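Have a look at the structure below before the remarks.
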Amino acid sequence: MKAQRPKENRRLALATAPLVLFLLLFFAYPVARLCVLSFADPEGPLASYARLLSVPAYRAGLVATFGISSLVTILSVLCAYPVAYLMASVRPRLAALLGLCVLLPFWTSSLVRTTAWIILLQRYGVINSLLLHAGLIRSPISFIYNLSGVLIGMTHVLMPFVVLPLYGAFRGLDRSQLDAAEGLGGSWFKIIGRLVLPLTSRAACSGAAIVFMSALGYYVTPALMGGARETMAAQLIAFNVEDQLDWPMAGAFSSIIVAASVMIFACAQRLSGPGGLFGGPVKATQATRSNVVIRRSPLDWGVAACGAALLFFLILPLLIIAPMSFGASPFMSFPPEHLTWRWYHQVFTRPQWRAALWNSLQIGMIAVTGATILGSLAAVGLDALHGRVRTAAEMLIIMPMIAPAIALAIGLYYEFAPLHLLSGHWGLGLGHIVLASPFVFIAVRSALQRFDPTLLDAATGLGAGPLRITYRVLLPAIAPGVAAGAIFAFVTSFDDVVLALFLTDVRSRTLPRLIYENVSQDINPTVAVVSTLVALATLLVLSINLLLTKSKS
88 MKAQRPKENR RLALATAPLV LFLLLFFAYP VARLCVLSFA DPEGPLASYA
138 RLLSVPAYRA GLVATFGISS LVTILSVLCA YPVAYLMASV RPRLAALLGL
188 CVLLPFWTSS LVRTTAWIIL LQRYGVINSL LLHAGLIRSP ISFIYNLSGV
238 LIGMTHVLMP FVVLPLYGAF RGLDRSQLDA AEGLGGSWFK IIGRLVLPLT
288 SRAACSGAAI VFMSALGYYV TPALMGGARE TMAAQLIAFN VEDQLDWPMA
338 GAFSSIIVAA SVMIFACAQR LSGPGGLFGG PVKATQATRS NVVIRRSPLD
388 WGVAACGAAL LFFLILPLLI IAPMSFGASP FMSFPPEHLT WRWYHQVFTR
438 PQWRAALWNS LQIGMIAVTG ATILGSLAAV GLDALHGRVR TAAEMLIIMP
488 MIAPAIALAI GLYYEFAPLH LLSGHWGLGL GHIVLASPFV FIAVRSALQR
538 FDPTLLDAAT GLGAGPLRIT YRVLLPAIAP GVAAGAIFAF VTSFDDVVLA
588 LFLTDVRSRT LPRLIYENVS QDINPTVAVV STLVALATLL VLSINLLLTK
638 SKS
């Protein structure tokens, strides 16, 4: 689209304005105002920060936030390498199947996965029961409500962020270089250490940055699977708002994790190259190369086996929770001794579950409509911007993906409460548009990378007007990206828990919030039923997206 005339470029640049203005109003302003509140303490502008460092519980929470985030990042990178290597070293069809094992948990509700892990790891859960029956242990092991539970749950949720870019890097390796290194007598360890790791380090660092930024503001998994020592900043922010009404303290915690996220994001953007931290997919010329397997040595087989075990780790919660939803016992057990539809009947007949589902669908439609329109327009108009203006606009659009959701939730809560937007659907719907717009933007930008801009010039030369060109040329070309973005927007909205906890009341609460409330109190088979239904709905939505993508290709 660079070949268009300057006037048309200026008009096209205006397409970016709606999303930029929306994010300035409903993202940048609420988060910035929350951070400013940290200086509004009656005891002085820096009193909240001084209290953050002097109060042992707050200081421990801050240390736990960065410590757990670092551990989760390290574990995610270490676990992602064998999985990505395995995916890149098998035939394309098998690689696609393995990729589905990564993507399905990736887009399945994090709350569902956390619930499944609680069922698996609790004192008399599936894993402890198996170990006891096998005689490997004499008493149950405490896997959850401690550091191990938080690390397992968060690593499971965030590891795909590293697997996907690493897989692209492995597929992009030049096989001739690997063959040459092997022909010169290089050992397996030397080839990996001196060739493979340096060539994949940029992808690993990009994924690690995303994991670390996401972990800094994590709320659900530490709250459900951690103990007092694993209390993180997001929990302390919620505690200061809900229990203490201490907005300056909540602002101080938010300022620290937002500032850390922005600095890491800026550094990662600079180090990740021209494509940026959220660059497009691997080029076709790279992705279609032969596999990167050097030779099937015993060590190579060991890495592949490790990758297969980690893939099983990714899909295990989804495999375990569905059978348990059919158990006749009111207590969660696996495998279920007797099967029944009783719990499904209860879910579909209880008014609270039906109302929560209906609220989630209504809010999802608001999010999909707003995010699809704003994200698509911004993606189309971005090429008309240049220099620092383009960089600033792109960074603002991407920021909701990496900024702590708890900071956005509290910031919007502070702004929406006086406007009485916490009792209906629009308050949360606006927040979900903020969260979902970047996914639409990235999906449409990816579709535009495969679009030939000279088609627009040809249509203009044939006398077609702007509306006709948009309707007959541009929209059909980017339709797969728009459809994918809309689907991702719906999944993002349907999965959200953090914003729903603060921007809804009992009447307008969503399905994820109701699941969270039930899991917080007591896990019963109805929670397994709802979690199974949510997972199936996600699988259905992703399958529709896959079919649409294939039909357009």
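When we follow the numbering used here, the leftmost residue of the sequence shown carries the number 88, and every step to the right adds one. The C-beta atom is built at its ideal place from N, Cα and C for all residues, glycine as well. Bear in mind the structure is a predicted one, so any value in this text is a computation, not a measurement.
Meets three-Cβ-pair contact criterion under 8 Å: the stretch 335-344 and the stretch 167-174: no
Whole-angstrom C-beta distance between A321 and G294, which should lie under 8 Å: Not a contact, Cβ separation roughly 21 Å.
C-beta atoms of G675 and A454 nearer than 8 Å: Because the chain is modelled from 88 through 640, residue 675 falls outside the range shown and cannot be assessed.
Any 3 or more C-beta pairs closer than 8 Å across the stretch 501-514 and the stretch 566-574: no
Three-way DSSP call (helix, strand, coil) for G240 in this model: helix
Simplified DSSP assignment, three categories, for L181: The three-state reading of DSSP puts L181 in helix, counting H, G and I together.
Own chain residues within Cβ distance below 6 Å of A296, not counting five before or after: I351 and A355
L426 (DSSP reduced to helix, strand or coil): strand
C-alpha gap between H507 and I497, whole angstroms: 15 Å
Cutoff 6 Å; reference I577; Cβ partners in own chain excluding five residues on either side: For clarity, residue 577 is Phe in the given sequence; the question names Ile instead. Counting only Cβ-Cβ distances below 6 Å, and skipping sequence neighbours, we find G451 and V455.
Supposed close pair E317, V237 - CB separation, criterion 8 Å: 5 Å
Option nearest A443 by Cα separation, candidates A571, F257 and E604: E604
C-alpha distance - I343 paired with I224, whole-angstrom precision: 43 Å
V617 to P309 span [Cα, whole Å]: 21 Å
Beta-bridge partners of G414, as assigned by DSSP: L426
R289 versus K277, Y254 and M319, residue with shortest Cα-Cα distance: Y254
Assigned exposure category for H473 - 16 Cβ within 10 Å defines buried: exposed
Whole-Å CB distance - M319 paired with I205, under 8 Å assumed: The pair is not a contact, with the Cβ atoms about 17 Å apart (cut-off 8 Å).
Cβ-Cβ separation, F248 to V298 (assumed contact under 8 Å), whole Å: 5 Å
Pick from A102, E130, V328 and F257 that is closest to I493, judged by C-alpha positions: V328
Three-way DSSP call (helix, strand, coil) for F421 in this model: coil
Candidates S135, Q433, P410 and H432: closest to L426 by CA position: P410
A102 to L108 span [Cα, whole Å]: 11 Å
C-beta contact flag for V476 and V307 at 8 Å: no
Run of the alpha helix (DSSP H) containing A115, from where it starts to where it stops: Premise fails: A115 is in no alpha helix (DSSP H) and is neither H nor E.
Buried/exposed call for D123, threshold 16 Cβ in 10 Å: For the record, residue 123 in the displayed sequence is Val; it is not Asp. Exposed, by the Cβ-count rule.
Distance between beta carbons of S197 and D302, contact taken as under 8 Å: Reading the sequence as shown, one finds Ala at residue 302 and not Asp. Actually they are not in contact, since the Cβ atoms of A302 and S197 sit about 12 Å apart, beyond 8 Å.
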